[in-house]
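If you read the sequences in order, they're chains A and B.
Taking the numbering used here, the leading residue of the first sequence gets 1, the next gets one more, and so forth.
Taking the numbering used here, the leading residue of the second sequence gets 1001, the next gets one more, and so forth.
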Amino acid sequence: MSIEAVEKIKARFPEAVEEAHRQAGDDTVRVQRDSWFTVLQFVRRVLGFDLFVDLTAVDYLAREEGLPRFEVVVHLRNMTTGKRIRVKSRVPESDPSIQSVCPLWKGANWFERECHEMYGILFKDSPDLRHLLLYEEFEGHPLRKDYPIDQRQPRIPLLASEERRFSRPADETPHGHGPGFQDKP
Amino acid sequence: MTVDSSKDLHTDYLEVMMGPSHPAMHGITQIKLFLDGETIISADVEPGYLHRGFEKECEDHRWNQIVPYTDRLNYVSPLINNVAYVMAVEKLCGIKPTPRCEYLRTILSEMNRLTDHLTCVGAAVMELGAFSGFLYFVKARELYYDLMESVTGARVTYAWTRVGGMRWDIPEGFEAQSYAAIKETRRILKEIDGLFTKNRLFLDRVVDVGVISREDAISYGITGPFLRSTGVAYDVRKADPYAAYSEVEFEIPVGENGDCYDRYKVRMAEMEQSMRIIEQALAKLPKGPVNVEDPRFIFPPKQAVYTTIEGMINHFRLVYDDVHPPKGEAYGYAEGGNGEIGFYVVSDGGNKPVKCRVRPPCFTIVAALGKILEGHMVADIVPIYGSVNMIGGEMDR
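Written out as structure tokens, the structure reads:
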């Protein structure tokens, strides 16, 4: 981890850095949401953190009143010096959006897509925010703390052609297999 | 009389869905292809068929209960996941495992790296039509599955590490069996080398296929053998040595061109290095306990549980309440079979994590797959996809 990089970010963006700490050897900077892209641009282009390690979010639902609910977290590594850094930003529930960092790292897109579907955080100006791991019709954002772990999803409506196959009563199907099996002509 | 048939030919782009369950692709992923003839114009990769809510389940379980879940991430090298996960939690707790534990983690991680590479290359050559080649790889892999079974009791899902140590020590006679397995593996790898490395049929399918540039690979966040095949010598074991990797000698094999053939060669060379590490670590294996002597994390000996009140209380507390890492966050990472596997854990001081994020190494490679495939022929998907080593459990979580 890199303490120098944290100092450089602090010197370059004194008003954007909200907090910097070093816990368990991980250097962390928390920046304002509005300067998320500018700070990361500086981290990428000037400080040379070129390996995109990870992007995710954390939901602090039970946190004390007034603090924003989500935190977007990025882990980066500098391939030349081998240093690592963690950059975070808080995102409120009322407007869960943050600037996309896809122009800086090619790998950011899939991580943002995953974060978008799991937490419902909107990455502004992202080239592609379709669902990645979940299916299109999935309702809700499963990694939010207020999404119950045993939540069931509604069934996807059948197509008209499928509807005909499944509409036959169970006891009329051959071999007692239940609905869904078609008679041989 | 000549007929001009070019006007009748359909020259539209053809949309083909490859997968999700295609016999020539291991793992379940759908690739939406736009084809001009047989040439790929664009490829859109759609993962997620194996998504089972790993992170959501973690948030509902206690810290040590998550270890079995990590087995199911990369199921061809589960022990590396176990190690990476407990490393993250130990980093948060600020505890350091015993020297014997560090060495055993190293040895068993390297055995799992061997099984990972053997499976990956074996499956890749099988998909290219060399089914007998796969049997050679599986024969060697079986040696390590047997060894792992003798230690952990399971062939694939080990759940062997604990926060602060591990479940058991190795059984008697493990060293001798390991040396015998390594000797046998070297012989089998020599045969495999003779079968493939200069095989005309194999070279035609893999050389200059699936090339990715060094800059692109880094920008996509690709690590592991895939990155090293482009010539970047980044390996977590050397860059940030964990466990006992700083005390053994090994090299990082790198490629030059970043094509499928280089990835095959890097994996083959890494297996030899893994065996070197196992031999050295077995020779240096320190004596002593495998678990830290800290009743906050590890069960006290049974003798103490039945005879002392402290032992009883500690045992009871660990069973009912599990470990309580301090409030905060930590990112622990290790070199997995596919690259850097990392765990980002957030604790609020309770016995369940607030967040347990896994950074899957093949996720970034599959993210780049669409770009790599562009301009290739349909048949090239098979060797490229084989060299990615997409593991559904880890990719989709």
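A virtual CB, placed ideally from N, CA and C, is assigned to each residue, including glycine.
If you check each beta-carbon in the segment 1194-1221 of chain B against every beta-carbon of chain A, the ones closer than 7 Å belong to 1216, 1218, 1219, 1220, 1221.
About 7 Å separates the beta carbon of residue 1162/B from that of residue 1067/B, a gap short enough to meet the 8 Å contact definition. Between residue 1359/B and residue 1340/B the beta-carbon gap is near 7 Å, inside 8 Å, which marks them as a contact.
Between the C-alpha atoms of residue 41/A and residue 111/A there is a straight-line separation of about 17 Å. In this structure, the CA atom of residue 1182/B is about 55 Å from the CA atom of residue 93/A.
Contact annotation: the segment 1237-1244 of chain B does not touch the segment 1292-1305 of chain B, with fewer than three C-beta pairs closer than 8 Å. Excluding the 5 residues flanking it on each side, residue 1260/B has same chain C-beta neighbours closer than 7 Å at 1206, 1209, 1210, 1383, 1384, 1387, in chain order. Minimum Cα-Cα distance from residue 1256/B among the listed residues 1138/B, 1376/B, 1229/B, 1247/B corresponds to 1229/B.
For residue 1303/B, the enclosing alpha helix (DSSP H) stretches over residues 1302-1307.
For residue 1073/B, the CB contacts under 8 Å within the same chain, skipping 5 residues up- and downstream, are 1054, 1081, 1341, 1358, 1360, 1391, 1393, 1394, 1397 in chain order.
Take the alpha-carbon of residue 1086/B and the one of residue 1164/B: they are about 8 Å apart. Closer than 7 Å at the C-beta level to chain A, one finds no residue of the segment 1072-1090 of chain B. With distances taken between CA atoms, residue 95/A lies nearest to 124/A out of 124/A, 130/A, 86/A, 149/A. Using a Cβ-Cβ cut-off of 9 Å, residue 106/A is close to 1216, 1219, 1220, 1221, 1367, 1368, 1371 of chain B, given in chain order. Residue 83/A is a Cβ neighbour of residue 5/A, given a cutoff of 9 Å.
Secondary structure note for residue 1030/B: its beta strand (DSSP E) is the uninterrupted segment 1030-1036. Of the candidates 35/A, 39/A, 23/A, 26/A, 39/A places its Cα closest to the Cα of residue 8/A. Note that the segment 1105-1114 of chain B does not touch the segment 1361-1369 of chain B; fewer than 3 beta-carbon pairs, one per stretch, sit closer than 8 Å. The continuous stretches of beta strand (DSSP E) do not include residue 1122/B, which lies in the alpha helix (DSSP H) extending over residues 1099-1127. Non-local C-beta neighbours of residue 30/A in its own chain, meaning closer than 6 Å and more than five positions away in sequence, comprise 18, 19, 88, ordered along the chain. Annotation for residue 1018/B: the continuous beta strand (DSSP E) segment containing it runs 1014-1018.
For residue 71/A, the enclosing beta strand (DSSP E) has its first and last residue at 70-77.
Beta-bridge partners of residue 21/A (DSSP): 28/A. In the DSSP annotation of this structure, the continuous segment of the beta strand (DSSP E) that includes residue 1344/B starts and ends at 1340-1347. Burial check for residue 10/A: the Cβ neighbour count within 10 Å stays below 16, so the residue is exposed. Secondary structure at residue 126/A: coil, using DSSP grouped into helix, strand and coil. Residue pairing for residue 1377/B: DSSP places it in a beta bridge opposite 1039/B. Around the C-beta of residue 1302/B, fewer than 16 other C-beta atoms lie within 10 Å, and the residue is accordingly described as exposed.
Within its own chain, the residues whose Cβ lies closer than 8 Å to the Cβ of residue 13/A, once the five positions on either side in sequence are excluded, are 31, 35, 38, 39, 42, listed in chain order. A contact is defined here as three or more CB-CB pairs under 8 Å, and the segment 1280-1292 of chain B fails this definition with respect to the segment 1111-1121 of chain B. 9 Å or more divides the Cβ of residue 1190/B from the Cβ of residue 1244/B.
When DSSP states are grouped into helix, strand and coil, residue 1269/B belongs to the helix group. Look at residue 1045/B here: in three-state DSSP terms it is strand. Going by DSSP, residue 1329/B is part of the beta strand (DSSP E) stretching over 1328-1335.
For the 9 Å CB-CB criterion, residue 45/A and residue 104/A form a contact.
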